[in-house]
Amino acid sequence: FCAPAPRQRYGVFAGICLDGYRERIAEAGLADDPRGALGIPSVAANQASYCFDLRGPSVTVNTACSSSLVALHTAVRALRDGECSTALVGTANLLISSLHYRSFCSIGGLSRSGVSRPFDAGADGFLPGEAVMAVLLKPLRQALADGDTVQAVIKGTAALHGGRTPTLTAPGVGGQANAVLRAWDDAAIDPARLLAEFTLERYKTWSAWRWEARAMLLDALSRRAGRAHALPPPLLVAVAPLCQILGPDGS
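Residue numbers (my numbering): -1 to 249.
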């Protein structure tokens, strides 16, 4: 982590949406440590900046399921704008409190069968996952000059809302297609070149996500890219939260 760039040029961007540790303390009926206020998610990025004496941007992002991706997007923009020369992007999701399970069970979110069935009429919910990870970002030219091992190149990003939909959790097909196209435009990629092999990730769906909904999204992308909407079936991988969630009733 100790690179030659001045420390004031390092940015820290954290994507965190849960506070399971404090919830677990409350569930156990234990007294909260007065210093616990310094461990809340909102200061996660600040903790790293403080520990390593880093003086660039220090931002914690909480946009629920997309927190880590929006943190990455924010870091890319900070690098492009010259706010920092190096960005550390980290995320953590540990489900150590029962509140998460109880909340999503109450609205029919978690799979009762314990199986995730993407794009299946028998889908009855999702399975939560845990992860802790961090990536170090630099402009490609600088990374190569520093002799770094380049694991991946981020060509473009976008972070947009889908707009008004029937429910807060329902995806806006047009809005999400717009976000995908904006990211492709940011990466200077011709949508027509990608659509034939376009891939999707069904992200956190707790009820049957109809094939018609998938077709609507692909149709919107095709129309905006100026292509005929007769496309081959996509593979089920790629960009979250492109296809997010329908309401608990499947609408």
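Just so it is clear, CB atoms sit at the ideal spot from N, CA and C, and this is done for glycine as well.
Identify the continuous alpha helix (DSSP H) that holds residue i and give its terminal residues.
i: Phe50; result: 42 to 50
i: Leu67; result: 65 to 78
i: Leu138; result: 138 to 143
i: Asp184; result: 171 to 184
i: Arg22; result: 18 to 25
Suppose the cutoff is 7 Å on Cβ atoms and the five residues either side in sequence are ignored; what does the same chain contact list for residue i look like?
i: Glu128; result: Asn91, Leu92, Leu93
i: Ala97; result: Note that residue 97 is Leu in the sequence shown, not Ala. Only Glu21 meet the Cβ criterion.
i: Ser95; result: Gly18, Glu21, Arg22, Glu25
i: Arg110; result: Asp122, Gly123
i: Asn176; result: Leu158
i: Ala1; result: Because Ala1 carries a pLDDT of 47, less than 50, the predicted location of this residue cannot be relied on, and the following value inherits that uncertainty. Thr84, Asp144.
Spatial neighbours of residue i within its chain, please: C-beta separation below 6 Å, excluding the five flanking residues on both sides.
i: Thr61; result: Val68
i: Thr163; result: Gly170
i: Trp209; result: Caution applies to Trp209, whose pLDDT of 49 falls short of 50 and renders its modelled position unreliable; the model cannot decide the point.
i: Asn44; result: Ser56
i: Val130; result: Ala90
i: Lys136; result: Thr84
i: Ser66; result: Gly13, Thr89
i: His227; result: Low local confidence applies: a pLDDT of 41 at His227 is under 50, so the model's placement there is unreliable, with the coordinate-based value given in what follows. Around His227: Asp217, Ser220.
i: Ala141; result: Val148
i: Ser47; result: Val10, Ser56
i: Asp146; result: none
Between residue i and the rest of its own chain, which residues show a CB-CB distance below 8 Å, the 5 nearest in sequence each way excluded?
i: Leu138; result: Val148, Val151
i: Leu108; result: Tyr99, Phe102, Gly123, Phe124, Leu125, Pro126, Trp204
i: Ala132; result: Leu86, Val87, Gly88, Thr89
i: Ser40; result: Thr58, Asn60
i: Ala186; result: Lys153, Gly154
Do you know whose CA, among the options, lies nearest residue i's CA?
i: Leu70; options: Ala42, Ala186, Val171, Gly88; result: Gly88
i: Val10; options: Leu86, Lys153, Arg180; result: Leu86
i: Ala157; options: Lys136, Arg180, Ser47; result: Arg180
i: Leu16; options: Asp118, Thr84, Ala42, Gly160; result: Ala42
i: Gly154; options: Asp183, Asp144, Ala119, Cys82; result: Asp183
i: Asp250; options: Thr84, Leu28, Gln6; result: Given a span of -1 to 249 for the chain in the structure shown, any question on residue 250 remains unanswerable.
i: Thr84; options: Gln174, Ala29, Ser56; result: Ser56
i: Gln174; options: Ala143, Arg221, Gly161; result: Gly161
i: Arg53; options: Glu81, Leu28, Ser40, Ile38; result: Glu81
i: Cys49; options: Thr72, Val74, Tyr8; result: Tyr8
i: Val74; options: Leu134, Asp146, Ile187; result: Leu134
Quick one: what's residue i bridged to in DSSP?
i: Phe102; result: BP columns for Phe102 are empty, so no partner.
i: Thr84; result: Tyr8
i: Leu108; result: Phe124
i: Gly13; result: Val59, Thr89
What residue does the beta strand (DSSP E) around residue i start on, and which one ends it?
i: Ala132; result: 129 to 135
Are there any heavy atoms of the ligand SAH lying less than 8 Å away from the beta-carbon of residue i, as far as the coordinates show?
i: Gly107; result: Among the ligands in the structure shown, none appear at all, so the ligand SAH cannot be discussed.
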